[in-house]
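Numbering (this note's numbering), first residue to last: 358 to 598.
Glycine included, every Cβ here is placed at the ideal spot set by N, Cα and C.
Keep in mind it's a predicted model, so treat the numbers as computed, not measured.
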Amino acid sequence: MPRWRSSPRSSSWPGPPRRIECYDNSNLGGTHPVAAMSVFLGGRPARGEYRRYRVKRAAGNDDYGMMREILERRFTRARESGLFPDLLVVDGGKGQLGVALAVLHDLGLHDQPVVGIAKPRTERRKGDTVATDKIVLPHRKEPLKLGRGHPALRILQHIRDEAHRTAVRYQRKVRGQADLTSVLEGIPGIGKARRNALLRALGSAEAVADATVEQLEAVEGVGPALARTLYDALHPDDLVL
């Protein structure tokens, strides 16, 4: 694991964090809001530990509300399971860090270490334009600036990028499923049961949209006639007039 000798610390952070969790939100114009948790163990991605969340209560254009909801869900469960990160990271500056601190306070988790990683801001430095990420710490007015090659900063950037990538991919998947559902709802004979059967058999909304007539016909409950109707609805440009 890279050295954290100069990393931000708190009285409840006794050493290099083994388990780090980072959270990020994603939506498109306020629609289909989701969030993701990325996890690093020993300084490396542990993708089997990643989690994806559908935002259930907060409005899709309320970034703070989405973060609050997801952290409340995660750390309410943590109080029952006992699985806490050595370091909680939120993608954002003072606002998102404030949300995290409020959630932890409400849940009585006052000793949970947490930092924010603020998005890059362009700065002028000796004639060169550079983008710098800043680490936002609780109860500290100025962000912590680490050198661009600092091991701790590189880990925080990496886990932030992983959370962002996971959230964006999941948002696209959710949006694709919603778009597919909208199309399927207009096709006679395609109800909820058949929609679910298509997704189970083919794996994703994208796979359903890309499937051949033969692949659609092979799905349980979808016969030849319905498979052709479904294919034509999903590929209107292929119709021969």
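By the Cβ-count criterion, His-462 is exposed, with fewer than 16 other Cβ atoms from all chains shown falling within 10 Å of its own Cβ. In the three-state reduction of the DSSP assignment, Pro-374 falls in the coil class.
Gly-400 is positioned such that its CB atom lies no closer than 8 Å to that of Ile-474.
In this model, Ile-547 and Thr-433 are separated by some 39 Å (Cα to Cα). Nearest C-alpha to Val-396 among Gln-534, Asn-384, Pro-374 and Arg-411: Pro-374. Contiguous alpha helix (DSSP H) elements confined to the segment 551 to 596 occur at 562 to 567, 570 to 574 and 581 to 591, taking only those with 4 or more residues. A straight line joining the alpha-carbon of Lys-476 with that of Leu-587 spans about 44 Å.
Beta-bridge annotation (DSSP): Ala-475 is paired with Lys-491. Taking each of Glu-426, Gly-405, Arg-409 and Glu-406 in turn and checking the Cα distance to Ala-415, the smallest one comes out for Glu-426.
Under the 10 Å beta carbon count, Asp-567 is surrounded by fewer than 16 other beta carbons and is classified as exposed. Take Val-579, set aside five residues on each side of it, and the residues of its chain with a beta-carbon closer than 6 Å to its own are Leu-573, in chain order.
Beta-bridge partners assigned by DSSP to Leu-398: Arg-376 and Arg-401. Straight across, the Cα-Cα distance linking Gln-469 with Thr-523 is about 24 Å.
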